[in-house]
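The UniProt record's numbering puts the first residue of the sequence shown at 1, with every later residue one more than the last. Worksheet: one structure, shown below.
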Amino acid sequence: DSQDKLQEIRRHFTRTPDLSILLWLYFCWCSGADVDVFLDRQEAKRLRRLSYVAAIDSRIGRRAGTLTLWTRLAWSVREAYGARGLPPHRRGWSTKLQGVEYLTELTMADVLFGKSRNRSFLHDPDAAFCTWRIWQEFTASAPPHYAEELASITWRRDLKVQKVQTYVWNFTASPPPQHGLSYVGMQREECAASRGGPCSSCREELGRNWCELECGHEFHRECLRTGLQQRSSTCPICRDYAVLPADVPGRPARNNSRRHKAKPWKRSFF
Numbered sequence: 001d002s003q004d005k006l007q008e009i010r011r012h013f014t015r016t017p018d019l020s021i022l023l024w025l026y027f028c029w030c031s032g033a034d035v036d037v038f039l040d041r042q043e044a045k046r047l048r049r050l051s052y053v054a055a056i057d058s059r060i061g062r063r064a065g066t067l068t069l070w071t072r073l074a075w076s077v078r079e080a081y082g083a084r085g086l087p088p089h090r091r092g093w094s095t096k097l098q099g100v101e102y103l104t105e106l107t108m109a110d111v112l113f114g115k116s117r118n119r120s121f122l123h124d125p126d127a128a129f130c131t132w133r134i135w136q137e138f139t140a141s142a143p144p145h146y147a148e149e150l151a152s153i154t155w156r157r158d159l160k161v162q163k164v165q166t167y168v169w170n171f172t173a174s175p176p177p178q179h180g181l182s183y184v185g186m187q188r189e190e191c192a193a194s195r196g197g198p199c200s201s202c203r204e205e206l207g208r209n210w211c212e213l214e215c216g217h218e219f220h221r222e223c224l225r226t227g228l229q230q231r232s233s234t235c236p237i238c239r240d241y242a243v244l245p246a247d248v249p250g251r252p253a254r255n256n257s258r259r260h261k262a263k264p265w266k267r268s269f270f
C-alpha cells in the first residue's frame, strides 16, 4: 500500500530538529535511501516534509520517473542551495564525536557542492577522499590537544576521510566529554541482552544481524541506525553517545546486485 510505504519513509527518514542538513543526508544514505527506497513523482510529492526546510521539501517531487529517495534528496539539496553551497552546521569541534561529525559534514558538503573528485562519490560518500581543502578546514578548527595529534599525520592525495575519522576516534590525548562516549574510557554497564537474546529496541531475537554498543545494549543493526538517527547519535536506551562504525558497510556497492549481508560488530565509530 502506497500510504503505508510513505508513512514508513517518513518514520525512518524525517530529520529531527537537532540534526544538521548535511548529517541528516548522511544518515539517510547510511539507512539505505539509495538502495532500498524508490519513489515515483506522485509518491514523492505526497511525502511533504522530510527535511523541514521548505526549499528542499518542495523540490523532492519535481523530478519525473521512479528514482531512489537518495537521488531525490541529494538533487533537492543541490538545487535549493545552488552555487552558494551548504556549509557545515558547526564551525569547530572539541570532542571526538564532534570531530567525527564535523568531518562528515565537510565531506558531504564537498560531495554535494565542491569541485573536487569527491563529486563522483555522491552514491558512496564513505569512499570520499580527505582533500587538501577538507584537511585544512578540519585541522584549523581542531582544539590544541587534537591539533598536536593531527600534526603527526602527513596529508596525502589518496588520504581517505574514513581513515582520518578512525584516527580521531582513537585519540587518547583528552578526557571524554562531560556525558561520556560509548567507546574507550567508558565504564561498561551490564549487557542488556545476550547475542541470542532480544533486540533492545524491537525485542525480537537478535539472530546474526546484531550489534552491541559499549554501554552493553544490543540491537538489530537497522533498529540501531533508526534509533541513532532519531536521537542524534545517542543510544536509544541509556542515551550514552554512540556513533555508527566505519568498518561495517551500510549498503551494497552501487553496481552490485547482491544485497549486503551485515556481520556482527562491536564498539562504534564512523
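Ideal Cβ positions, reconstructed from N, Cα and C, are used throughout, including at glycine.
Going by DSSP, name the residue or residues bridged to residue 123. Taking the sequence shown and counting its residues from 1, one reaches residue 123 at position 123. Partner(s): none; residue 123 has no beta bridge.
To the nearest angstrom, how far is it from the Cα of residue 14 to the Cα of residue 89? One-based indexing of the sequence shown puts residue 14 at position 14. One-based indexing of the sequence shown puts residue 89 at position 89. Those two C-alpha atoms are separated by around 18 Å.
Would you list the one or two residues that DSSP bridges to residue 210? Against the sequence shown, residue 210 aligns to sequence position 210. Under DSSP, residue 210 takes part in a beta bridge, and its partners are 220.
Compute the Euclidean distance between the alpha carbons of residue 62 and residue 48, then round it to the nearest angstrom. By one-based count along the sequence shown, residue 62 stands at place 62. By one-based count along the sequence shown, residue 48 stands at place 48. If you take the alpha carbons of residue 62 and residue 48, they lie about 12 Å apart.
Going by Cα to Cα distance, which pick from 35, 52 and 23 is closest to residue 10? In the sequence shown, counting from the first residue as 1, residue 10 sits at position 10. The shortest C-alpha separation from residue 10 is found at 52.
Going by the DSSP bridge assignment, what does residue 68 pair with across the sheet? Your numbering for residue 68 matches position 68 in the sequence shown. Looking at the DSSP assignment, residue 68 forms a beta bridge with 38.
Only counting the same chain, and skipping five residues up and downstream in sequence, which positions put a Cβ closer than 7 Å to that of residue 29? In the sequence shown, the residue the question calls residue 29 occupies position 29. Here the set comprises 70 and 125.
Assign residue 205 to one of three DSSP states: helix, strand, or coil. The count along the sequence shown starts at 1 and reaches residue 205 at position 205. DSSP, read as helix, strand or coil, puts residue 205 in strand.
Using only the alpha-carbon positions, how far apart do residue 78 and residue 55 sit? Sequence index remark: in the sequence shown, residue 78 carries index 78 (1-based). Sequence index remark: in the sequence shown, residue 55 carries index 55 (1-based). Approximately 10 Å, taken between the alpha carbons.
Residues of its chain near residue 102, where Cβ-Cβ distance is below 8 Å and the 5 sequence neighbours each way are ignored: Working through the sequence shown from its first residue, we reach residue 102 at position 102. Cβ neighbours of residue 102 beyond the five flanking positions: 88, 90, 92, 93, 138 and 141.
Express the C-alpha separation of residue 235 and residue 207 in angstroms, rounding to a whole number. On the sequence shown, position 207 is the one that residue 207 refers to. On the sequence shown, position 235 is the one that residue 235 refers to. Answer to the nearest angstrom: the Cα atoms are 20 Å apart.
For residue 34 and residue 68, which I take to be in contact (beta-carbon distance under 8 Å), what is that distance rounded to the nearest angstrom? Taking the sequence shown and counting its residues from 1, the one referred to as residue 34 is at position 34. Taking the sequence shown and counting its residues from 1, the one referred to as residue 68 is at position 68. About 5 Å; that satisfies the 8 Å criterion.
Using the Cα positions of residue 131 and residue 116, report the straight-line distance between them to the nearest angstrom. Here residue 131 refers to the residue found at position 131 of the sequence shown. Here residue 116 refers to the residue found at position 116 of the sequence shown. Their backbone Cα atoms lie some 8 Å apart in a straight line.
By Cβ distance below 7 Å, which residues in the same chain neighbour residue 171 in space, the five residues on each side in sequence not counted? Here the question's residue 171 lines up with position 171 in the sequence shown. The residues are 96, 146 and 149.
Chain-order list of residues whose beta-carbon lies under 6 Å from that of residue 7 (same chain, five-residue window excluded): Sequence index remark: in the sequence shown, residue 7 carries index 7 (1-based). There are no such residues.
Proximity to residue 40 [Cα-Cα], best of 2, 76, 163 and 25: Looking up residue 40 in the sequence shown gives position 40. The shortest Cα separation from residue 40 among 2, 76, 163 and 25 belongs to 2.
Could you spell out where the alpha helix (DSSP H) holding residue 53 opens and where it closes? On the sequence shown, position 53 is the one that residue 53 refers to. Residue 53 -> no alpha helix (DSSP H), and no H or E assigned at all.
What three-state label does DSSP hand residue 87 in the structure shown? Position 87 of the sequence shown holds residue 87. Residue 87: coil per DSSP, three-state reduction.
Taking the alpha helix (DSSP H) that residue 9 belongs to, which residues open and close that run? Here the question's residue 9 lines up with position 9 in the sequence shown. Looking at the DSSP string, the run of the alpha helix (DSSP H) that includes residue 9 is 2-13.
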